[in-house]
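Residues in the sequence shown are numbered from 3 upward in steps of one, following the numbering used here. Before any comments, here is the structure.
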Amino acid sequence: MNPNPNQHSTVFQTIADALAGPGWLVIPDFLSRQQVDELRQLAQTRQAEFSRAGVGRAGGFGIRDDIRGDSVLWVDEHDPAMQAANARMAELQQSLNRELYLGLAELEWHFASYPAGAFYQRHLDQHREQDTRVVTVVQYLNAADWQAEDGGQLRIYLDEEQSVDVTPHGGTLVVFLSNRFEHEVLPARRERFSLTGWYRRRS
Ligand code: OGA
Ligand code: MN
3 MNPNPNQHST VFQTIADALA GPGWLVIPDF LSRQQVDELR QLAQTRQAEF
53 SRAGVGRAGG FGIRDDIRGD SVLWVDEHDP AMQAANARMA ELQQSLNREL
103 YLGLAELEWH FASYPAGAFY QRHLDQHREQ DTRVVTVVQY LNAADWQAED
153 GGQLRIYLDE EQSVDVTPHG GTLVVFLSNR FEHEVLPARR ERFSLTGWYR
203 RRS
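Shown next as structure tokens:
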């Protein structure tokens with residue numbers, strides 16, 4: 003027998019175990035090369051629909067190049083082009099609820115594009131006490147020739163002393179608890195694509 007390491011149940015179990023343990027995980031090749039290329043091409047086709055990501059909320063909302071330089075396009079849960087990707091994320095949600103009783107009620111996610119030189123300063127995804135983001139999920143959509151030298155690493159701060167840098171190779175998945183880990187996106191020397199999402203519980 004030659005079990006497929008990317009078989010859903012296996013990889014979902016691995017993710018649940020990691021969230022229950024260290025609280026974060028990186029999985030290379032979570033997406034196949036074909037899935038990566040199709041999703042990146044979809045994002046590129048829809049480039050005109052992206053808008054600059056802001057920081058802050060309500061009165062304090064603004065575009066701040068010195069804090070984050072990406073543009074985003076939110077995923078529509080009924081978008082036929084996203085059916086397979088949405089279905090897989092729904093399966094992961096069910097699996098995490100079953101294994102960890104996280105009470106995840108919904109996924110909100112967006113494509114993100116960082117132009118060369120853009121970055122996202124160190125931050126926490128759960129900003130306020132009442133924030134309902136529980137799990138952060140990032141999938142990289144960069145072309146196969148992305149090199150570590152191209153930059154764009156996600157730096158995850160594990161504690162006061164340690165951090166880990168994740169190179170955004172196409173197909174790599176990063177999962178972490180939204181309220182636990184500060185992180186930042188380092189500047190890249192070419193455009194950097196990802197799909198970034200948050201599983202939320204009900205408020
Ligand atoms: C974010 C974020 C990380 C990444 O969008 O909040 O931290 O690697 N993204 O794109
Ligand atoms: Mn973040």
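All C-beta atoms in this analysis are idealised placements derived from N, C-alpha and C, irrespective of residue type, glycine included.
Straight-line Cα distance separating R194 from G172: 10 Å
Same chain, Cβ closer than 8 Å to W111, five either side skipped, listed in chain order: W76, V77, M91, V139, L197, T198, G199 and W200
Straight-line Cα distance separating D147 from Q96: 34 Å
Three-state class that DSSP yields for M3 in the structure shown: Confidence at M3 is low in this model, with a pLDDT of 48, below 50, so the placement of that residue should be treated as unreliable; the coordinate-derived value is given next. Coil.
Minimum C-alpha distance to G71 - residue among G23, E163 and P117: P117
4-residue-minimum alpha helix (DSSP H) runs that sit fully inside the stretch 44-109, ordered along the chain: Those alpha helix (DSSP H) runs which fall completely within the stretch 44-109 and span 4+ residues are 85-102.
Burial state of F63, where buried means 16 or more other Cβ atoms lie within 10 Å: exposed
Cα-Cα separation between G105 and R203, rounded to whole angstroms: 6 Å
Beta-carbon contacts of V176 that lie in its chain and below 7 Å, excluding the five residues immediately before and after: V28, V140, L156 and V168
Q160 - DSSP class collapsed to helix/strand/coil: At residue 160 the sequence reads Leu, which differs from the Gln that was named. Residue state, collapsed to three classes: coil.
Distance, Q43 Cα to V187 Cα: 22 Å
Status (buried if at least 16 other CB within 10 Å, exposed otherwise) for S205: exposed
Rounded straight-line distance, which links the Cα of F113 to that of A87: 12 Å
C-alpha gap between M3 and T12, whole angstroms: Annotation note: pLDDT 48 at M3 (below 50); position unreliable, coordinate value reported separately. C-alpha separation (whole angstroms): 15 Å.
Beta-carbon gap between A45 and L109 smaller than 8 Å: The Cβ atoms of A45 and L109 do not sit closer than 8 Å to each other.
Per DSSP, cross-strand counterpart(s) of G153: A190
Same chain, Cβ closer than 8 Å to F32, neighbours up to 5 away in sequence not counted: N8, V13, Q141, G173, T174 and L175
Close-in-space but distant-in-sequence residues of the same chain around Q132 (CB under 7 Å, 5 per side omitted): S205
Segments assigned alpha helix (DSSP H), at least 4 residues, entirely inside the stretch 18-46: none
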